[in-house]
Amino acid sequence: MTKINDPLAALRAKKNAKHLGFIRRKAAARANSAGVFGSASVFQDMAVRPLPSAPDSNMPRPRQAQARSDAFEAIHSAAAGLFSVGAIDKQTMREFDAECLVQPDLKAADVKRIRSSLHVSQAVFARYMNTNKSTVQKWESAENPINPIAQRLLSVIDKHGLDILS
244 MTKINDPLAA LRAKKNAKHL GFIRRKAAAR ANSAGVFGSA SVFQDMAVRP LPSAPDSNMP
304 RPRQAQARSD AFEAIHSAAA GLFSVGAIDK QTMREFDAEC LVQPDLKAAD VKRIRSSLHV
364 SQAVFARYMN TNKSTVQKWE SAENPINPIA QRLLSVIDKH GLDILS
């Protein structure tokens with residue numbers, strides 16, 4: 244270990260090391276209470292999860308966020324593992340999502356898929372989106388590009404449904 248000459252820097256380093264040790268002990272305690280460190284390793288336990296069932300219809304699946312790079316994918320994977328054992332909270336996981344993942348651009352087919360999966364007309368969907376019916380028609384026919392704010396709202400509707408807006 245290197246010797247630090249600056250007393251303030253030494254104090255900060257000691258405080259950071261103490262805090263890191265606390266976080267490690269807390270994560271280990273949560274993992275032990277959850278039974279994660281049983282006879283199998285953590286990664287084996289996390290790998291044995293049932294796959295989600297296939298959708299009933301032949302509708303295309305929602306687009307998933309992609310990692311910015313391989314390094315960000317590794318960081319996000321590590322954060323997801325910590326989240327699954329309770330070492331980090333939901334807010335911190337959302338911050339990792341925002342930093343590591345890129346939301347794909349929605350296309351015309353995605354807008355139509357979202358609207359039809361909710362079983363609403365273009366007029367009703369436009370009312371929920373606080374826009375005109377013609378705007379929804381132009382999005383679905385790819386005449387107009389979807390602005391980023393509308394794309395974000397469409398992603399939220401795709402994930403949670405229209406009930407989130409009312």
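Residues in the sequence shown are numbered consecutively from 244, following this note's numbering.
Built from N, CA and C at the ideal position, the CB exists for glycine as well.
Could you pull out every residue in the same chain whose Cβ sits closer than 6 Å to the Cβ of residue i, ignoring the five residues on either side in sequence?
i	result
Phe368	Arg358, Val379
Ile389	Leu349, Trp382
Phe315	Cys343
Give every residue of the same chain whose Cβ lies closer than 8 Å to the Cβ of residue i, excluding the five residues on either side of it in the sequence, and list them in chain order.
i	result
Lys381	Asn387
Ala385	Lys350, Ala351
Ala310	Glu316, His319, Cys343, Leu344, Val345
Gln365	Arg358, Lys376, Val379, Gln380, Glu383
Lys333	Phe326
Tell me whether residue i is buried or exposed, calling it buried when 16 or more other Cβ atoms sit within 10 Å of its Cβ.
i	result
Val399	exposed
Glu383	buried
Arg395	exposed
For residue i, which residues in the same chain have their Cβ closer than 7 Å to its Cβ, ignoring the five residues on either side in sequence?
i	result
Ala322	Ile331, Met336, Phe339
Relative to the C-alpha of residue i, which candidate in the options has its C-alpha closest?
i	options	result
His362	Ala314, Gly404, Pro391, Gly324	Gly404
Pro391	Ala314, Tyr371, Val345, Phe315	Val345
Ile407	Glu342, Pro347, Tyr371, Phe315	Tyr371
Ser312	Ser360, Leu397, Ala385, Glu342	Glu342
Asp401	Ala314, Lys355, Gln309, Phe315	Lys355
Ser409	Gln365, Ile318, Asn373	Asn373
Ala308	Gln365, Pro347, Ser360	Pro347
Segments assigned beta strand (DSSP E), at least 3 residues, entirely inside the stretch 341-374: none
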